[in-house]
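In full-length UniProt numbering, the protein residues as written are 1 to 203.
No residue lacks a Cβ here, since even glycine has one placed at the ideal position from N, Cα and C.
Source: prediction; values computed, not measured.
Okay, structure first, notes after.
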């Protein structure tokens, strides 16, 4: 297992990404404030959907100590933005051990805050940008590097995929059995109803 990283999240693809220790070691040659904050609309788009649903959760999974806050709102006329907070390369004071970290919000309660005195902020307009381009920008600005999975992790991913495929087969089989049972019950009800009509006519 790599320092600062975890095993791949369930159902992750084989090209996982992590900031891990590379973020602290590579950004501007000194310690940074690894603080990522995302502000976006309440509905994603086909272009950036993968970033919201896969890339960002995967980044957080592999980097649990890096704050990543999502602020969702219903103002679709407001541009979705990605804000990256980094420690300034010329900052003379030591980085604080902790920084204020608001919780994510679904009702526009976690807006992007101004950077601290020792920070700089990089803002990305995510409008009409594809998820892969957004991810590439994040990796470039933080000077993080993609982390390739080990053979053991690939094996685990393959096992998870096989389990997921088998689960889908099992669900389809159960649906078929339920539908067949329902058809039999409906046929029995119709037969009983027809039998009752016949008895009334005979009487």
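- Residue 193 and residue 71 have their C-alpha atoms some 58 Å from each other.
- In the pairwise beta carbon analysis, the region 110-129 is classified as not touching the region 154-161: fewer than three pairs are separated by under 8 Å.
- Taking the Cα of residue 93 as reference, the smallest distance to any Cα among 149, 83, 117 and 113 is reached at 117.
- Counting of Cβ neighbours within 10 angstroms places residue 127 among the exposed residues, the total staying below 16.
- Taking a 10 Å sphere around the C-beta of residue 164, we find fewer than 16 other C-beta atoms and assign the residue as exposed.
- By the criterion of at least three beta-carbon pairs nearer than 8 Å, the region 81-89 is not in contact with the region 162-178.
- Under a 10 Å Cβ-count criterion, residue 134 is classified as buried, with 16 or more other Cβ atoms of the shown protein chains found around its own Cβ.
- For residue 115, the secondary structure class from DSSP, reduced to helix, strand or coil, is coil.
- A distance below 8 Å separates the beta carbons of residue 131 and residue 49.
- Linking residue 57 to residue 136 through their CA atoms gives a straight-line distance of about 16 Å.
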